[in-house]
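In the UniProt record's numbering, the protein residues as written are 1 to 113.
Even for Gly, the Cβ is constructed at its ideal location relative to N, Cα and C.
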Amino acid sequence: MESSSKTPLNRKRLHDLVREVDPNQTLDEDAEELLMQLADDFIESVVSSSCRLAKHRKSSTLELKDLQVHLENSWNMWLPGFPQEGRSKPPPSSGPANEAHKQRLSLIKKSKK
Numbered sequence: 001m002e003s004s005s006k007t008p009l010n011r012k013r014l015h016d017l018v019r020e021v022d023p024n025q026t027l028d029e030d031a032e033e034l035l036m037q038l039a040d041d042f043i044e045s046v047v048s049s050s051c052r053l054a055k056h057r058k059s060s061t062l063e064l065k066d067l068q069v070h071l072e073n074s075w076n077m078w079l080p081g082f083p084q085e086g087r088s089k090p091p092p093s094s095g096p097a098n099e100a101h102k103q104r105l106s107l108i109k110k111s112k113k
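The structure is reproduced here in structure tokens:
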């Protein structure tokens with residue numbers, strides 16, 4: 001079943017991505033189909049929800065901010081390289097808690113005893 005003509009992620013691109021990660025790795029047909037279906041479902045979900053957001057703002061045009069809002073709220077994803085208009089919070093930091101924060105937490109725990 002060749003679905004490469006109907007999907008943004010075609011089989012060739014999928015194999016290129018796998019080779020980019022590990023040149024010796026291959027995909028079996030079932031894994032390939034699953035990954036392509038997941039990509040299609042994800043794109044369909046993002047576009048559909050983003051269109052509903054555009055409609056909610058009474059617009060007939062899907063804008064970048066509609067995609068950003070959906071990706072941030074539903075998938076906790078940020079689009080690097082694009083302005084974050086109206087963002088209420090910065091992207092989550094993956095860094096470890098700093099020493100001052102650890103000390104404050106320790107004091108709070110001690111005060112609760």
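TODO: Figure out for me which residue from Asp30, Gln37 and Asn24 has the closest Cα to the Cα of residue 153.
DONE: Here the chain covers residues 1 to 113 and nothing more, so residue 153 does not appear.
Task: Enclosing alpha helix (DSSP H) for Met36 [first to last residue] - done: For Met36, the enclosing alpha helix (DSSP H) starts and ends at Glu29 to His56.
Task: Contacting residues, own chain, Cβ-Cβ under 7 Å from Ser74 (five flanking each side not counted) - done: So the qualifying residues of the chain are Ser49.
TODO: For Ser74, name the three-state secondary structure that DSSP assigns.
DONE: helix
Task: Reduced DSSP secondary structure (H/G/I, E/B, other) of residue 173 - done: Residue coverage of the chain in this structure runs from 1 to 113, which leaves residue 173 outside it and unanswerable.
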